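*Asks:* After the structure tokens below, expect a handful of questions from me.
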Amino acid sequence: MKIVEVLTEYGTLALDRSFSYLYDGKKRIGERYRVRISFGPQRVVGFVLRLIETAKSQEELEKEKGFSFKTLKEEDILDEEPLLDDSLLSLAKEVASYYFSPLICVLQTMLPPSLSPRNSTLKAPKIAYEKWVRLLDRSEEGLTDKQIELLRLVALRGPILKKEAGSASILGKLIEKRKVEIYLEEKHRLKLKEEEREQAHVLSELQEAAYRYLLESEKAVNLLEGVTGSGKTEVYLHLAERYLEQGKGVLLLVPEINLTPALMDYCLRRFGKKVAILHSGLSGAERYDEYRRIASGEARVVVGARSAVFSPIKNLGLIILDEEHVESYKQDNAPFYHAREVAIMRAKNEKAKLVLGSATPTLETRARALKGVYGYTTMKKRVNEKPLPKTTIVDLTDRHNFGKQSEKISLPLLNKIQEKLEKHEQVLLLLNRRGYWTGVECPRCGYIFVCPKCAGNMTYHKEDNMLKCHHCGHVELYPECCPKCGYTKLRRIGYGTERVVKEIKDLFPKAKVARMDSDIGKVSHQAETILRDFRDGKYDILVGTQMIAKGHDFPLLTLSAVVLADIGLALPTYRASERTFELIAQAVGRSGRSAKEGEAVIQTFNPRNYAIVYGAKQDYESFFITEMKERKIAQYPPYTYLILLNFSSKKEEKCDKAAMDFKKDLQAKNFENVTLLGPLVPYFSLENGKYRRSLLLKYKKREVLEEYLRDLLKRFSSVAGVRISINVDPLDY
């Protein structure tokens, strides 16, 4: 008899413990297997944490424990081998503890849909096989001409796919006579293109110095700070090659799916079939196949986005986290993990080396590097000594900067675009706001169209004539009139990428213009195609959101422009200036990376704001010094740590009360160096139609309040009608 300790698939703090079941069957069961269990009235999926062998009968156990056990049958065991190894389960427990998350939530995040411990994934894709025909006996005696023809085909070309063998009856006769046999081979559903292999490039003096430092550093975590165009990718590839020679596995993380293809191309050319890819843009079947290739050790280099940090790489030796400053490394729902922090945990646990790369590191990472917590090396110049782009800041408040042609594109920018088109050079226009109009309102009564689910502004998209919420995804048909007063002449305000594309096409009708934002990225491989075509010179102008500002290398691009640099500055977050600086610096850095010198234009209503001035110059050092002073005054990271507590309820008064009760309980303890702000009404004040309130904790030492906070969360998680979630190290509040 075995006592089976099982986590249920329900990711709530109240159920974050194992439940005991009994099993006495012959089919193998083990720790880290999935099982079907009866839980209350439901049949759900569980994850086995522990097995306890016992000689006692069910009756004896029930008498000893004082409750009745439910039993597992052989058909309830869903796996034939453990889903995770010891190191990944240990990592899952560490992530769950750090982020105050139920362990099952982390496990569901770690595993691909086909292996995830939840009921809804049982119908997800499994292994696919292809039938192949191979030779057993070459002799042709006693065969018909048709049978000989097929036998010779298999002998010459074999093994061949069964579907290529032609007549099923002729094949059947050859099988019957033991001339050939059919066998199954696993089919890989992700088809990666065959890239022509290339040798490693010779490193520049700066690249070589950075490579040597990172290779020899005794620190587990190292920062590589290199200006845009300094050649960080080539350093990564040299490091990867060295670790592969040592028999180690390599993980390369990028912040967004659209950056994966470019890095994938580099890796395929360098490492061939050793490479696997993992990100949410793959189909469930493709992710399952790639996950199995990695787990088996067939793939030793993994390229992927955020969730790839959990990939089951054998003998992991090197983790590279490129563009470490990008916020999409942080998951915005439970368990709210940050890939950088998980990578740090994993590097420590598996004695691997972690390299954090960026031209504009987060203040937290830079501060730790300067303190010596991390190793630190820099590349201050571009490859081949290419100069940084010459940048012009255009003041949008000065009407002399505009002509009759456009109210959005200034005369200096229009002239520069015209100049580049005449030279057959490329232009990149960044506007970090998609859609056509960014707001719709009624001029008669003042009604503003907001999302009914989260209270965010609705954006008009002309392509499909719909209003869309960019926060929660809610969509509506464009209204014919105001729902409040019936007025039909609605006012449209603001502008996004769709509108800029239309204006650019009107202004430059002969130019080939493409758009790149997350609306485009929804369609499979469309983003990859557009970026590749732009890189190959098939478009003259690319208009896009932040997706085009990071990590791309466009050889023909000589003009980068930020159409409106102020968008992020007004957001209610302590990271507003840092985000603005990073976006401008990264966008400017796309220009002039090849033979021709680059230029950049920044349009802004705040031409003297330090984030914009330093971003235009790519002067990270000056920005870092200024912003660190601001953070110290306000006591935000890296001078403190943050935890955001979110409360939601269908009833506003319940939400308010739960948040206030939590605050009173915490304040009563009077913890040292712990500050509590709120309850706050968040920027998005609704969540799926439920009211939201937030509490923000600032603290210096986590151990001071960790145990108390854990107990308090469990108590409040059972408050009727109120949902509570916790976000450790939030980027917004």
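Heads up, the working numbering is the position in the sequence shown plus 286, with the first residue counted as 1.
Glycine included, C-beta positions come from ideal geometry on N, C-alpha and C.
All values reported here derive from a predicted model rather than from experimental measurement.
One question on the structure: do LYS1000 and ALA300 come within less than 8 angstroms of each other, judged by their Cβ atoms?
*Replies:* Within the sequence shown, the letter at position 714 stands for residue 1000. Within the sequence shown, the letter at position 14 stands for residue 300. Yes. Within cutoff.
*Asks:* So the beta strand (DSSP E) CYS767 belongs to, where does it begin and stop?
*Replies:* The residue given as residue 767 occupies position 481 in the sequence shown. Per DSSP, CYS767 belongs to no beta strand (DSSP E) and is neither H nor E.
*Asks:* Identify every run of the alpha helix (DSSP H) within the region 974-1003, keeping only runs that are complete inside it and at least 4 residues long; order them along the chain.
*Replies:* Complete alpha helix (DSSP H) runs here, min 4: 992-1002.
*Asks:* ARG778 to LEU717, Cα distance in whole Å?
*Replies:* Position 492 of the sequence shown, counted from the first residue, corresponds to residue 778. Position 431 of the sequence shown, counted from the first residue, corresponds to residue 717. Rounded to whole angstroms, ARG778 to LEU717 spans 18 angstroms at the Cα level.
*Asks:* For PRO647 and ARG626, what's the separation of their Cα atoms in angstroms?
*Replies:* Residue numbering aside, residue 647 sits at position 361 when the sequence shown is read from its first letter. Residue numbering aside, residue 626 sits at position 340 when the sequence shown is read from its first letter. If you take the alpha carbons of PRO647 and ARG626, they lie about 12 angstroms apart.
*Asks:* Give a yes or no on contact between the region 843-860 and the region 691-710, applying the rule of three or more CB pairs nearer than 8 angstroms.
*Replies:* yes
*Asks:* If you measure between the beta carbons of ILE605 and ALA638, is that distance less than 8 angstroms?
*Replies:* Your numbering for residue 605 matches position 319 in the sequence shown. Your numbering for residue 638 matches position 352 in the sequence shown. Contact flag set, yes.
*Asks:* Could you check whether ILE919 and PHE386 sit closer than 8 angstroms to each other, using their CB atoms as the reference points?
*Replies:* By one-based count along the sequence shown, residue 386 stands at place 100. By one-based count along the sequence shown, residue 919 stands at place 633. Cβ distance not < 8 angstroms, so PHE386 and ILE919 don't count as in contact.
*Asks:* Could you check which residue in TYR469, GLU317 and PRO729 has the C-alpha nearest to that of LEU447?
*Replies:* Counted from its first residue, the sequence shown places residue 447 at position 161. When each option's Cα is compared against that of LEU447, the closest is TYR469.
*Asks:* Tell me the residue span of the alpha helix (DSSP H) that contains TYR529.
*Replies:* Here residue 529 corresponds to residue number 243 of the sequence shown, with the count starting at 1. Unbroken alpha helix (DSSP H) run through TYR529: 518-531.
*Asks:* Taking the alpha helix (DSSP H) that THR815 falls in, what are its first and last residues?
*Replies:* Counting from one through the sequence shown, the residue named residue 815 turns up at place 529. THR815 -> alpha helix (DSSP H) spans 812-821.
*Asks:* Could you check whether the region 675-694 touches the region 949-958, counting it as contact only if at least three pairs of C-beta atoms, one from each stretch, sit closer than 8 angstroms?
*Replies:* no
*Asks:* Just verifying my parser: in three-state terms, what is the DSSP assignment at GLY964?
*Replies:* As a first step, residue 964 is located in the sequence shown; it is residue number 678 there, counting from the start. In this structure, GLY964 counts as strand in the three-state DSSP scheme.
*Asks:* Measure the beta-carbon distance from GLU609 to THR651 and round it to whole angstroms, keeping in mind my assumption that it falls under 8 angstroms.
*Replies:* Along the sequence shown, one-based indexing puts residue 609 at 323. Along the sequence shown, one-based indexing puts residue 651 at 365. At roughly 12 angstroms, the Cβ-Cβ gap does not stay under 8 angstroms, so GLU609 and THR651 are not in contact.
*Asks:* Just confirm the distance between the C-beta atoms of VAL1005 and ALA944, as a whole number of angstroms; I'd bet it's less than 8 angstroms.
*Replies:* For the purposes of this step, residue 1005 is taken as residue 719 along the sequence shown, with counting starting at 1. For the purposes of this step, residue 944 is taken as residue 658 along the sequence shown, with counting starting at 1. Contact holds; Cβ gap of about 5 angstroms.
*Asks:* Rank GLU416, LYS459 and VAL561 by C-alpha distance to the C-alpha of ARG483 and give the top, closest one.
*Replies:* As a position in the sequence shown, residue 483 is number 197, starting the count at 1. For the residues GLU416, LYS459 and VAL561, the minimum Cα distance to ARG483 belongs to VAL561.
*Asks:* Using DSSP with H/G/I as helix, E/B as strand and the rest coil, what is SER696?
*Replies:* Locating residue 696 in the sequence shown gives position 410, counting from the first residue. Residue state for SER696 is assigned as coil, using DSSP reduced to three classes.
*Asks:* Counting only the same chain and skipping the five closest in sequence on each side, list residues whose C-beta sits under 7 angstroms from that of ASN891.
*Replies:* Position 605 of the sequence shown, counted from the first residue, corresponds to residue 891. Checking the sequence, you will find Phe at residue 891 rather than Asn. So the list reads LEU682, THR683 and ASP852, once near-sequence residues are dropped.
*Asks:* Looking only at DSSP bridge pairs, what is THR237 linked to?
*Replies:* There is no way to answer for residue 237, as the model of the chain reaches only from 287 to 1019.
*Asks:* Rounded to whole angstroms, how far is the Cβ of ILE436 from the Cβ of LEU457, which I believe are closer than 8 angstroms?
*Replies:* Counted from its first residue, the sequence shown places residue 436 at position 150. Counted from its first residue, the sequence shown places residue 457 at position 171. For clarity, residue 436 is Leu in the given sequence; the question names Ile instead. About 7 angstroms; that satisfies the 8 angstroms criterion.
*Asks:* Smallest Cα separation from LYS403: which of ILE363, GLU636 and LYS534?
*Replies:* Taking the sequence shown and counting its residues from 1, one reaches residue 403 at position 117. It should be pointed out that residue 403 corresponds to Pro in this sequence rather than to Lys. Among ILE363, GLU636 and LYS534, the Cα nearest to that of PRO403 belongs to ILE363.
*Asks:* According to DSSP, simplified to helix, strand and coil, what is SER376?
*Replies:* To locate residue 376, count along the sequence shown from 1; it is residue 90. Here SER376 sits in helix by DSSP.
*Asks:* Rounded C-beta distance between PRO368 and GLU291? I'm assuming under 8 angstroms.
*Replies:* As a working note, residue 368 is residue 82 in the sequence shown. As a working note, residue 291 is residue 5 in the sequence shown. The C-beta distance from PRO368 to GLU291 rounds to 15 angstroms, too long to meet the 8 angstroms contact threshold.
*Asks:* Hey, quick one: how far does the beta strand (DSSP E) through TYR662 stretch, first residue to last?
*Replies:* As a position in the sequence shown, residue 662 is number 376, starting the count at 1. DSSP places TYR662 in the uninterrupted beta strand (DSSP E) bounded by 661-665.
*Asks:* For the beta strand (DSSP E) that ALA562 lies in, which residues bound it at each end?
*Replies:* Position 276 of the sequence shown, counting from 1, holds the residue named residue 562. Here the beta strand (DSSP E) through ALA562 covers 561-564.
*Asks:* Is GLN904 helix, strand or coil by DSSP?
*Replies:* Within the sequence shown, the letter at position 618 stands for residue 904. Three-state result, GLN904: coil.
*Asks:* CA-CA distance, ARG801 and LEU568?
*Replies:* As a position in the sequence shown, residue 801 is number 515, starting the count at 1. As a position in the sequence shown, residue 568 is number 282, starting the count at 1. Taken atom to atom, the span from the alpha-carbon of ARG801 to that of LEU568 is near 22 angstroms.
*Asks:* In whole angstroms, what is the alpha-carbon distance linking PHE909 and TYR722?
*Replies:* Mapped onto the sequence shown, residue 909 falls at position 623. Mapped onto the sequence shown, residue 722 falls at position 436. Answer to the nearest angstrom: the Cα atoms are 33 angstroms apart.
*Asks:* Pick helix, strand or coil for GLY759, following the three-state DSSP scheme.
*Replies:* Residue 759 sits at position 473 when you count from the first residue of the sequence shown. In this structure, GLY759 counts as coil in the three-state DSSP scheme.
*Asks:* State buried or exposed for SER453, treating a residue as buried only when at least 16 other CB atoms are found within 10 Å of its CB.
*Replies:* Locating residue 453 in the sequence shown gives position 167, where the first residue counts as 1. By the 10 Å Cβ count, SER453 comes out exposed.
*Asks:* How should ASP618 be labelled, buried or exposed, when 16 other C-beta atoms within 10 angstroms of its C-beta is the threshold for buried?
*Replies:* Residue numbering aside, residue 618 sits at position 332 when the sequence shown is read from its first letter. Exposed, since its Cβ has fewer than 16 Cβ neighbours within 10 Å.
*Asks:* Look up SER880 in the DSSP assignment and say whether it is helix, strand or coil.
*Replies:* Here residue 880 refers to the residue found at position 594 of the sequence shown. Coil, per DSSP.
*Asks:* Spell out the partners DSSP gives LEU714 in its beta bridges.
*Replies:* Counted from its first residue, the sequence shown places residue 714 at position 428. Paired residue(s): LEU828 and SER846.
*Asks:* Work out the CA separation of GLU883 and PHE622 for me, nearest whole Å.
*Replies:* Within the sequence shown, residue 622 is the residue found at index 336, counting from 1. Within the sequence shown, residue 883 is the residue found at index 597, counting from 1. Answer to the nearest angstrom: the Cα atoms are 42 angstroms apart.
*Asks:* With respect to the beta strand (DSSP E) encompassing VAL1008, which residues constitute its N-terminal and C-terminal limits?
*Replies:* Within the sequence shown, residue 1008 is the residue found at index 722, counting from 1. Here VAL1008 belongs to no beta strand (DSSP E), and DSSP marks it neither H nor E.
*Asks:* Quick one: grab the DSSP three-state call for LYS798.
*Replies:* Counting from 1 along the sequence shown, the entry for residue 798 is found at position 512. Annotated three-state conformation of LYS798 is coil, per DSSP.
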